[in-house]
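First the structure, in the form of structure tokens, and then the observations on it.
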Amino acid sequence: MIDDHKVTIVIPAGRRRYLELLIPQILAQEGWDELQVWLNTKEPDDIAYISGLPALDKRIRVVTLPDGREPNGVRTIHRFFPNCIEAGTVYIRLDDDVCYIEPGAIAKLAKFRIEHREPFVIYPVIINNAYISHVYQALGRIRAPKYLTTHCMDSLGWKDPKFAEMIHRTFLSFLEKGDIERFKIPTRIVSGCRVSINCIAWLGEEFARFNGELGMSDEEEWLSVTRPTQMAGYNMVYGEVVVAHFAFYPQREYLDETDLLDRYRKVAGLEGQEGLLPARSSQG
């Protein structure tokens, strides 16, 4: 609980190779009450892993699609949101390939969300997010071979795997020295701009206004642009909390072959522990 609010984390899941890095980091965070793992995969090995996660912590709950629907990647994620409309609850959505969460981030983001009720959704600073990379360039924090637009599918900030690798390696070089402050930015309003929802926070009572039923299957477009526009409202980036997102799909094949996940695992104190969670061993 944070300021008399329940805090629920949700993860559209999933890919075991990333969850093995994310789940222990969530378990190490304070201030949350529930973790909903949205079962949105048909891969048997991933399903077996996810099904074992509640054995790790009684606060973990696996949520399946309603009406016996089959998972279909990003096209079915929007159907889980009716589970996230409880009044007095802060919901924090994380992509399953969020590879780093700053210590204390969940409690800090939840508290900021409670204290700032007008924005529709609130983002933290997200490493490897095209909009945040644009902000970094505009503030003179990073150098890039060309201009980074705010477009969520920018040819460099979203599509280019080597640029993503550079962003991750730059971040890690400071993170490994315990220096994360330089990656924080002034908090800012975002309006009329599609921003990838690798991590967002919302209020249950706000989503109850539409029963958690998004107006389209493209959850990102609706949450980041359509609904705020309908409300004459806005979203916000909270600049004092940092998470890192591993890869967008044009980057994934290349980044999966690097040592980046191993380095994030080491920073999180999980080096050599991959595959050792109880959920893995429960498969026999």
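Residue numbers (this note's numbering): 556 to 839.
A virtual CB, placed ideally from N, CA and C, is assigned to each residue, including glycine.
Taking a cut-off of 8 Å on C-beta distances, the segment 707-723 touches the segment 789-805, as three or more cross pairs fall below it. Apart from the 5 residues on each side of it in sequence, Ala823 sits with its Cβ closer than 6 Å to the Cβ of Gln580 in its chain, given in chain order.
Taking 8 Å as the cut-off, the Cβ atoms of Phe636 and Gly767 count as close.
The three-state reading of DSSP puts Lys561 in strand, counting E and B together. Per the DSSP secondary-structure output, Leu758 pairs in a beta bridge with Val645. Between Gly747 and Thr784 the beta-carbon gap is near 7 Å, inside 8 Å, which marks them as a contact.
With 16 or more other Cβ atoms inside 10 Å of its own Cβ, Pro567 counts as buried. The segment 751-764 makes contact with the segment 643-650, as at least three CB pairs between them are under 8 Å. Around the beta-carbon of Arg782, 16 or more other beta-carbon atoms lie within 10 Å, marking it buried.
If you draw a straight line from the Cα of His723 to the Cα of Asn753, it is about 15 Å long. By the Cβ test, the segment 644-660 is in contact with the segment 580-591, since at least three Cβ pairs between them sit closer than 8 Å. Secondary-structure assignment with DSSP links Gln591 through a beta bridge to Val565, Arg616. With 16 or more other CB atoms across the displayed protein chains lying within 10 angstroms of its CB, Arg570 is buried.
In the DSSP assignment, Arg782 falls within the alpha helix (DSSP H) that extends over 782-785.
DSSP places Asn684 in the coil class of the three-state scheme, outside both helix and strand. Relative to Ala660, the option among Asn595, Val562, Asn790 whose CA is nearest is Val562. DSSP, read as helix, strand or coil, puts Asn790 in strand. When only Cα atoms are considered, Leu649 and Phe801 end up about 12 Å apart.
Comparing alpha carbon positions, the residue from Glu575, Trp593, Asp709, Ala610 closest to Thr631 is Trp593. For Glu589, same chain residues with a beta-carbon under 6 Å away, outside a window of 5 residues either side, are Thr563, Arg614 in chain order.
One alpha carbon belongs to Val680, the other to Arg696, and they sit about 13 Å apart.
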